[in-house]
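Heads up, the sequence shown is in the working numbering, so the first residue is 1 and it goes up one at a time.
Built from N, CA and C at the ideal position, the CB exists for glycine as well.
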Amino acid sequence: MMQYKPDNNEKTAHLDGSNALYLEGLYQRFVAGDKSLSQEWHDYFTALEATAKDSAPTPNSPTLNSPTPNSPTPNSPTWARPDWPPAINGEMTALLDGNWTHDSYEDGETISQDEMAKKIAARQSKPDAKTSQETSQETLRAAAQDSVRAIMMIRAYRFRGHLAAQLDPLALGPPRSHPELDPQTYGFTPADYDRPIFIDHVLGLETASITQMLEILHRTYC
Numbered sequence: 001m002m003q004y005k006p007d008n009n010e011k012t013a014h015l016d017g018s019n020a021l022y023l024e025g026l027y028q029r030f031v032a033g034d035k036s037l038s039q040e041w042h043d044y045f046t047a048l049e050a051t052a053k054d055s056a057p058t059p060n061s062p063t064l065n066s067p068t069p070n071s072p073t074p075n076s077p078t079w080a081r082p083d084w085p086p087a088i089n090g091e092m093t094a095l096l097d098g099n100w101t102h103d104s105y106e107d108g109e110t111i112s113q114d115e116m117a118k119k120i121a122a123r124q125s126k127p128d129a130k131t132s133q134e135t136s137q138e139t140l141r142a143a144a145q146d147s148v149r150a151i152m153m154i155r156a157y158r159f160r161g162h163l164a165a166q167l168d169p170l171a172l173g174p175p176r177s178h179p180e181l182d183p184q185t186y187g188f189t190p191a192d193y194d195r196p197i198f199i200d201h202v203l204g205l206e207t208a209s210i211t212q213m214l215e216i217l218h219r220t221y222c
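Here is the structure:
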């Protein structure tokens, strides 16, 4: 049986600059042990790491930065770039791979209001919490309901945000209304827009106001 080789032309045809961020994201998932990563990618990165280890220089092997008789002066430019490769983060990367920082709410997963209330209570009971530690059950229930509704709105933008995209550069027609993208559909009025809501690190934030959420969602999905 032919052994998998990462330098096979058919297997590496996709390796070009336009796919760099996507491939970096896949590799980060491989390193983290993401079981949802396909077996093909798992085998590829496993073989790639094995190849890298085999070709790693020995302690006495010369490198690009090793001194030689014709070494450049310390002020000479170097091929190494401290800012490359770029860090795998940011909204556009999250948009492509769906992996927002600490986002534990998969699309379609039921969000438990009771579980959200427990998280809010635990957060407010921390010694460094800015809110009062004595929170009534009614207040917790209302905060948990706001959290669930906010996450539902975020999900709606992930699936329907493109409907609100501005595709008419001349603005000849009035903007269309999309109730599923309207915060009022989820019980939020303009008076609620600047109130911080616990969203459990969805969108990479622990808490955010409706205004902040809409800014990120419109910038990312519309």
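Under DSSP, the alpha helix (DSSP H) around serine 147 begins and ends at which residues?
Taking the first residue of the sequence shown as 1, we reach residue 147 at position 147. Its alpha helix (DSSP H) spans residues 137 to 160.
Across which residues does DSSP place alanine 208 in a beta bridge pair?
Mapped onto the sequence shown, residue 208 falls at position 208. According to DSSP, which records beta bridges pairwise, alanine 208 is partnered with Ile197.
Residue environment, aspartate 146, which counts as buried when at least 16 other CB atoms sit within 10 Å
As a first step, residue 146 must be located in the sequence shown, where it is residue number 146. Buried, by the Cβ-count rule.
Less than 8 Å between the CB atoms is what I'm expecting for threonine 207 and isoleucine 199, so what's the real figure, rounded?
If you number the sequence shown from 1, residue 207 lands on position 207. If you number the sequence shown from 1, residue 199 lands on position 199. Right, their Cβ atoms sit about 7 Å apart.
Threonine 101 versus alanine 121 - alpha carbon distance:
The residue you call residue 101 lines up with position 101 of the sequence shown. The residue you call residue 121 lines up with position 121 of the sequence shown. Reliability fails at threonine 101, whose pLDDT of 47 lies under 50, so the model's placement of it is uncertain and the value that follows must be treated cautiously. Using only the alpha carbons, I get a separation of about 22 Å.
Per DSSP, what kind of secondary structure is glycine 25 in: helix, strand or coil?
Residue mapping note: residue 25 aligns to position 25 of the sequence shown, counting from 1. Reduced to three states, the DSSP call for glycine 25 is helix.
Cα separation between arginine 195 and alanine 165?
If you number the sequence shown from 1, residue 195 lands on position 195. If you number the sequence shown from 1, residue 165 lands on position 165. Approximately 26 Å between the Cα atoms of the pair.
Please work out which residues of its chain come closer than 7 Å, Cβ to Cβ, to alanine 29, disregarding the five sequence neighbours upstream and downstream, and give them in chain order.
The sequence position of residue 29 within the sequence shown is 29, counting from 1. With the sequence shown as reference, residue 29 is identified as arginine, and alanine is not the correct amino acid for it. Within the same chain, arginine 29 has close Cβ partners Leu37.
From valine 148 to glutamate 138, what does the alpha carbon distance come to, in whole angstroms?
Stepping through the sequence shown from its first residue, residue 148 is reached at position 148. Stepping through the sequence shown from its first residue, residue 138 is reached at position 138. Straight-line Cα distance between these residues: approximately 15 Å.
Just tell me which of Asp43, Met213 and Met116 has its CA closest to the CA of arginine 158.
The count along the sequence shown starts at 1 and reaches residue 158 at position 158. Closest option to arginine 158, Cα to Cα, is Met213.
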